[in-house]
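Just so we're aligned, residue -11 is where the sequence shown starts under the numbering used here, counting upward by one. All C-beta atoms in this analysis are idealised placements derived from N, C-alpha and C, irrespective of residue type, glycine included. Everything numeric in this text was worked out from a predicted model, so none of it was measured. First comes the structure, then the notes that go with it.
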Amino acid sequence: GSYKQKFDQVRLLYFYMLVHPGKKLNFMGGEIGMFREWDENRELDWGLLGYPQHKGLEQLIIRLGELYEHRPELHCGEYHPARFEWLVREAKDEGIFAFVRKGPDGKQLLAVLNTLPVFRPEFPICRNGFCHAVPLLCT
């Protein structure tokens, strides 16, 4: 894909990694979008942060870390089946997937992933008749 498409996809991948249950791992350089493989004999390509796409990726990773830290839905009981619920997994043609992460305090976090480069602001995602959500992050 193009330079922009690669960054669109890596942002989606990092968001999915954060909101899906399981432990998280980011290796050296991933947070700045390095194009070359990590090399123990060279420092990271910090100069890439002078480019908007790379700086934006770094800022997203920081924001994702803050979200993970402050939202117990994402890290408390992450392997407990009752803390995860698929809402949309059959909308393959639309490229939409959605699920809920549930915290120990009863709060819930809705994650919606749009895997296609089509803006879908009105895609209906409802649960138990409740169709309202406040965006915390849009990649």
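For residue i, the three-state DSSP class (helix, strand or coil)
{"i": "Val106", "result": "coil"}
{"i": "Ile84", "result": "strand"}
{"i": "Glu66", "result": "coil"}
{"i": "Arg24", "result": "coil"}
{"i": "Phe128", "result": "The shown model of the chain, from -11 to 127, leaves out residue 128, and the question about it has no answer."}
{"i": "Leu32", "result": "coil"}
Straight-line gap, residue i to residue j (C-alpha atoms, nearest Å)
{"i": "Lys80", "j": "Leu101", "result": "11 angstroms"}
{"i": "Phe85", "j": "Gly94", "result": "22 angstroms"}
{"i": "Gly35", "j": "Gly44", "result": "14 angstroms"}
{"i": "Leu48", "j": "Lys11", "result": "18 angstroms"}
{"i": "Gln41", "j": "Ile113", "result": "30 angstroms"}
{"i": "Glu82", "j": "Glu25", "result": "33 angstroms"}
{"i": "His63", "j": "Gly38", "result": "33 angstroms"}
{"i": "Leu97", "j": "Lys90", "result": "6 angstroms"}
{"i": "Tyr4", "j": "Pro105", "result": "16 angstroms"}
{"i": "Gln(-3)", "j": "Arg108", "result": "17 angstroms"}
{"i": "Phe15", "j": "Asp27", "result": "12 angstroms"}
{"i": "Phe111", "j": "Cys126", "result": "15 angstroms"}
{"i": "Gln(-7)", "j": "Gly21", "result": "13 angstroms"}
{"i": "Leu0", "j": "Leu6", "result": "10 angstroms"}
{"i": "Glu31", "j": "Ala70", "result": "43 angstroms"}
Proximity winner among the options, relative to residue i (alpha-carbon distances)
{"i": "Pro92", "options": "Glu66, Phe107 and Glu110", "result": "Glu66"}
{"i": "Phe87", "options": "Glu61, Glu31, Asn14 and Glu19", "result": "Glu61"}
{"i": "Phe149", "options": "His8, Phe23, Phe107 and Val7", "result": "There is simply no residue 149 to check, as the chain begins at -11 and stops at 127 in what is shown."}
{"i": "Leu52", "options": "Leu13, Arg108 and Asn29", "result": "Leu13"}
{"i": "Glu78", "options": "Lys90, Arg89 and Thr103", "result": "Thr103"}
{"i": "Leu75", "options": "Tyr56, Glu57, His68 and Ala99", "result": "Ala99"}
{"i": "Glu140", "options": "Glu46, His8 and Asn29", "result": "Only positions -11 to 127 of the chain appear in the structure, and residue 140 is not among them; the question remains open."}
{"i": "Leu55", "options": "Gly(-11), Tyr2 and Lys(-8)", "result": "Tyr2"}
Unbroken alpha helix (DSSP H) run spanning residue i, endpoints
{"i": "Phe3", "result": "Tyr(-9) to Val7"}
{"i": "Leu48", "result": "Pro40 to His58"}
Residue range of the unbroken beta strand (DSSP E) whose run includes residue i
{"i": "Leu75", "result": "Phe72 to Ala79"}
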